[in-house]
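S.K.:
Residue numbers (the numbering used here), protein chains in the order written: chain F, 438 to 522; chain L, 429 to 995.
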């Protein structure tokens, strides 16, 4: 429910939600959302902050920057600056 | 065979709970029935909000988990503001609420509310207990989440039938957390990069937030800052982490921060952030925050990174680990000479910290009072103008010595929180500064203060307005003082007398001289040294304003420094 709250508090419509138990005893929730790139980052951060969340992923094209490891690890200044350029 | 209520109390004892705050009612009654002999002291407040703020005060000053109890329905909903406050300010808090019996849940029964649902977005973790068997695990897990990582609030909702049920009890359990991505810590490689950034910087600064205190790393941080010797400043929750007499310290930063701190932050080319979340009170307009700076962000909660402004170098982990690692690397290198930058940032501008320059009587009053506090003290501030004045003049270097509701800004916080603080620190002089508006929001806790004989020193800064709102109305709403007039306040001295608490008045005339007269000084000294609870009502000018002030949406460099024409 906290996963849904992360979306609803941003005024995002949630046209589709699917939740199921996984083979390893965990659960997977899949949400269909219309979001901006900035909101993707906000949602990733908020969902990862939930105590029981172990992984966040996305099939959206603009989520590529968020496919990296979480939390963000320190990298060299040059590589991070180059990534932002 | 033990009752569920007895099992709950044994599990709380196993988590180290010795004190809790609460207010009884129907659904939670079985828990109260089991209190005697539990080894846990319960403090009865006069409102559940008083209980949760008291639990917060206890937690904020000790770092231990604060515990609040309430019954179902209105008892539970009265905890909500305190829960939100703990979430915003990273306070370890466990609230245990009674719930209607399991068979009635969902039927809109008497005093039933879905407290789990109501507090979902405000809690770090929460659970509605469904069976007696899961009580030990739930309590162990709840305390784990309350105190681990970035601390926060937890709600455990227990139906009354579970509190009454019985079972064989083998003892409390330990919670084994699963690993989470957020538990990862920075590897050692970050130190080289930060040193390199420092060696390229011309105007580095350091910002210290609540994390410096929550991590217990203030000693390490102070040694690091002494070696860096760069301009440093604090958020309101970072006050006390840096000794105010440090020559590089510029005071509080942000909306009502010092001019020196705000300008240094605006001009810096390298910002080291230690345990601060860069909220909007600190940044001003985020798009114009530290416009020339690269940011190195030491932070335990990954959710706070890049939230307001991208940081070039995130350092995830507990400051107790990351600061020593960074400092060890720093010592192996020679840094550039920052003395020129330091002279500009920390030179004559620091004069604003000098009390001799204070003209405003209320600020003089708070400054004078703070200067007379014994070394072992804790200062609490409620929310409003007095809070900002208190924060601006706070001079102690005790890490958990300044307690206030920062992120939520909940009026009515200070008096009940002072109850928790005084119980946690019985030998400390606890000074509780409130405005006339906020004091009335939990004024009923004077009964708690009196019953327990807590020697809290309460101050009301009485300007007969909802002062901070009035200031905004003056500056930004053409003096349309809508619904901020409190000129018909009751006589607080009479109210204190009714609660059998000694009280007296002082007004601005006492602050016209510098230094203050012997008579005024003696009054203040007697007030602070009294072994009894005391209330000092300071009558002050109605339209004094807090400056500097960064208007909403403005950059830190656009702060108002004095009374200026309104927009």
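Using N, Cα and C, we set each Cβ at its ideal position, and we do this for glycine too.
Closer than 7 Å between beta carbons: that is the criterion. Which residues of the region 443–463 of chain F meet it against chain L?
M.R.: Answer set for the region 443–463 of chain F: 446.
S.K.: With a floor of 4 residues, list each alpha helix (DSSP H) that falls wholly inside the region 598–686 of chain L, ordered by position along the chain.
M.R.: Those alpha helix (DSSP H) runs which fall completely within the region 598–686 of chain L and span 4+ residues are 618–628, 639–642, 646–656.
S.K.: Does DSSP put residue 518 of chain L in a helix, a strand or coil?
M.R.: Along the second chain, read from residue 1 onward, the residue named residue 518 of chain L stands at position 90. If DSSP states are grouped into helix, strand and coil, residue 518 of chain L belongs with coil.
S.K.: Name, in chain order, the residues that DSSP records as bridge partners for residue 430 of chain L.
M.R.: As a first step, residue 430 of chain L is located in the second chain; it is residue number 2 there, counting from the start. Note: residue 430 of chain L sits in a beta bridge opposite L/595.
S.K.: To the nearest angstrom, report how far apart residue 882 of chain L and residue 743 of chain L are at their CA atoms.
M.R.: For the purposes of this step, residue 882 of chain L is taken as residue 454 along the second chain, with counting starting at 1. For the purposes of this step, residue 743 of chain L is taken as residue 315 along the second chain, with counting starting at 1. Each residue's Cα considered, the two are about 42 Å apart.
S.K.: Could you confirm whether any beta carbon from chain F is found closer than 7 Å to the beta carbon of residue 769 of chain L?
M.R.: Counted from its first residue, the second chain places residue 769 of chain L at position 341. So no, residue 769 of chain L is outside the interface.
S.K.: Quick check on the DSSP output: what are the complete alpha helix (DSSP H) runs of length 4 or more inside the region 816–868 of chain L, in order along the chain?
M.R.: Fully enclosed alpha helix (DSSP H) runs of 4 or longer: 842–852.
S.K.: DSSP puts residue 893 of chain L in a beta bridge; with which residues?
M.R.: Looking up residue 893 of chain L in the second chain gives position 465. BP columns for residue 893 of chain L point to L/913.
S.K.: Mind checking who residue 700 of chain L pairs with in its DSSP beta bridge?
M.R.: For the purposes of this step, residue 700 of chain L is identified with residue 272 of the second chain, where counting begins at 1. Partner(s): L/634, L/724.
S.K.: In chain F, what lies closer than 8 Å to residue 731 of chain L by C-beta?
M.R.: By 1-based counting over the second chain, the position of residue 731 of chain L is 303. Neighbours of residue 731 of chain L on chain F, chain order: 482, 483, 485, 486.
S.K.: Say the cut is 6 Å; is the CB of residue 470 of chain L nearer than that to a heavy atom of the ligand NAD?
M.R.: The model on display carries no ligand, and the ligand NAD is accordingly not part of it.
S.K.: Exposed or buried, residue 465 of chain F, counting other C-beta atoms within 10 Å across all chains shown (16 or more means buried)?
M.R.: Numbered from 1 along the first chain, position 28 holds the residue referred to as residue 465 of chain F. Exposed, since its Cβ has fewer than 16 Cβ neighbours within 10 Å.
S.K.: Is there a Cβ of chain B sitting closer than 7 Å to that of residue 549 of chain L, yes or no?
M.R.: No chain B appears in this structure, whose protein chains are F and L.
S.K.: For residue 891 of chain L and residue 972 of chain L, which I take to be in contact (beta-carbon distance under 8 Å), what is that distance rounded to the nearest angstrom?
M.R.: As a working mapping, residue 891 of chain L is identified with position 463 in the second chain. As a working mapping, residue 972 of chain L is identified with position 544 in the second chain. About 7 Å; that satisfies the 8 Å criterion.
S.K.: List the DSSP bridge partners of residue 581 of chain L.
M.R.: Taking the second chain and counting its residues from 1, one reaches residue 581 of chain L at position 153. According to DSSP, residue 581 of chain L bridges with L/521.
S.K.: Which of the three DSSP states is assigned to residue 527 of chain L in this structure?
M.R.: The sequence position of residue 527 of chain L within the second chain is 99, counting from 1. Correct three-state label for residue 527 of chain L: strand.
S.K.: Between the C-alpha atoms of residue 665 of chain L and residue 518 of chain L, what's the straight-line distance to the nearest angstrom?
M.R.: Your numbering for residue 665 of chain L matches position 237 in the second chain. Your numbering for residue 518 of chain L matches position 90 in the second chain. So the two alpha carbons sit approximately 11 Å from each other.
S.K.: Quick check on the burial criterion: 16 or more other C-beta atoms within 10 angstroms. Buried or exposed for residue 916 of chain L?
M.R.: Taking the first residue of the second chain as 1, we reach residue 916 of chain L at position 488. Residue 916 of chain L comes out exposed.
S.K.: Check the C-beta distance from residue 862 of chain L over to residue 810 of chain L and give it rounded, since I have them as a contact under 8 Å.
M.R.: Along the second chain, read from residue 1 onward, the residue named residue 862 of chain L stands at position 434. Along the second chain, read from residue 1 onward, the residue named residue 810 of chain L stands at position 382. Indeed they touch by this definition, with Cβ atoms about 4 Å apart.
S.K.: By the criterion of Cβ-Cβ separation under 9 Å, what are the contact partners of residue 478 of chain F in chain L?
M.R.: Here residue 478 of chain F is taken as the residue at index 41 of the first chain, counted from 1. Those within 9 Å of residue 478 of chain F in chain L are 734, 735.
S.K.: Does the beta carbon of residue 573 of chain L come closer than 7 Å to any beta carbon on chain F?
M.R.: Within the second chain, numbered from 1, the residue matching residue 573 of chain L stands at position 145. By this cut-off, residue 573 of chain L is an interface position.
S.K.: Can you find the residues in the same chain that come closer than 6 Å, C-beta to C-beta, to residue 962 of chain L, ignoring five residues on each side of it along the sequence?
M.R.: As a working mapping, residue 962 of chain L is identified with position 534 in the second chain. The answer, listed in chain order, is 885, 930, 955.
S.K.: Counting contacts by CB-CB distance shorter than 7 Å, is residue 817 of chain L in contact with chain F?
M.R.: By one-based count along the second chain, residue 817 of chain L stands at place 389. For residue 817 of chain L, the answer is no, since every Cβ of chain F falls outside 7 Å of its Cβ.
S.K.: In terms of alpha-carbon separation, which member of L/975, L/469, L/488, L/758 lies closest to residue 990 of chain L?
M.R.: Mapped onto the second chain, residue 990 of chain L falls at position 562. Per the Cα distances, L/975.
S.K.: Tell me whether residue 459 of chain F is buried or exposed, calling it buried when 16 or more other Cβ atoms sit within 10 Å of its Cβ.
M.R.: Translated into positions along the first chain, residue 459 of chain F becomes position 22. The residue is exposed, with fewer than 16 neighbouring Cβ atoms inside 10 Å.
S.K.: Determine contact between the region 437–454 of chain L and the region 562–575 of chain L, defined as no fewer than three beta-carbon pairs at a distance below 8 Å.
M.R.: Yes, the region 437–454 of chain L touches the region 562–575 of chain L.
S.K.: Could you check whether the Cβ of residue 553 of chain L sits closer than 7 Å to any Cβ belonging to chain F?
M.R.: Working through the second chain from its first residue, we reach residue 553 of chain L at position 125. It does: the Cβ of residue 553 of chain L has a partner Cβ on chain F nearer than 7 Å.
S.K.: Count the C-beta pairs between the region 534–544 of chain L and the region 591–598 of chain L that are closer than 8 Å, then say yes if the count reaches three, no if not.
M.R.: The region 534–544 of chain L, when compared against the region 591–598 of chain L, does not touch it at the 8 Å Cβ threshold.
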